[in-house]
Amino acid sequence: MLHRTVRSYDFIIVFCLNILLNLVSSNLQCGSSCIMSSDWMNGPLRDIYYLGVQSGRIVIGYRGMGWLYIMEHSSLRQYGDTNWMQQNQKYGDNNCWYAEFPTISLPTNIRITGHTTPHSGGGRGSVIKPAVETWTYVEIGANGAPISQSINSNKGWH
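Residue numbers (the working numbering): 8 to 165.
So this is what it looks like as structure tokens:
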């Protein structure tokens, strides 16, 4: 189990560094062109980062297959009105999925929890639901920006 505490001014840097480290360590298959490995799409949910509020939506980045929920607001459901291409245009193509939720009362503290979808296939074979899912505690300021995050990842996939 990996545990990190991230301050608001560091979380974007940490997220970008994680992406860069994953890019460097991923397998590149070079032929007429280089294609990035798609490991970020497969496996259990991991690397859950609260990114902030944009256009009245809470935006969360994550990797793996499954869905997210906000523990303190379990009745909230992810918006399903945009596809991954539209989300990449809005938030950037950062080798992650994005979850969008309705905005809640701020400031607040939340726990974002992953729910892995068991599946087979992909570059690493079958994936079963982990005994302990990945979660992130976030302290959110009145403006919707993260004040701090505590990221607890199930690193069995790496």
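Just so it is clear, CB atoms sit at the ideal spot from N, CA and C, and this is done for glycine as well.
The alpha-carbon of M48 is positioned some 31 Å away from that of P114. Rounded to the nearest whole angstrom, the C-alpha separation of G63 and S133 is 37 Å.
By the C-beta density criterion, V145 is buried, having at least 16 other C-beta atoms within 10 angstroms. Scanning its chain for C-beta atoms nearer than 7 Å, with the 5 sequence neighbours on each side dropped, one finds around T124 the residues M72 and G73, in chain order. For the 8 Å CB-CB criterion, Y56 and G68 form a contact.
Check the Cα spacing between R84 and each of S112, A106 and T143: the tightest is with A106.
Of the candidates S157, N150 and P109, S157 places its Cα closest to the Cα of T141.
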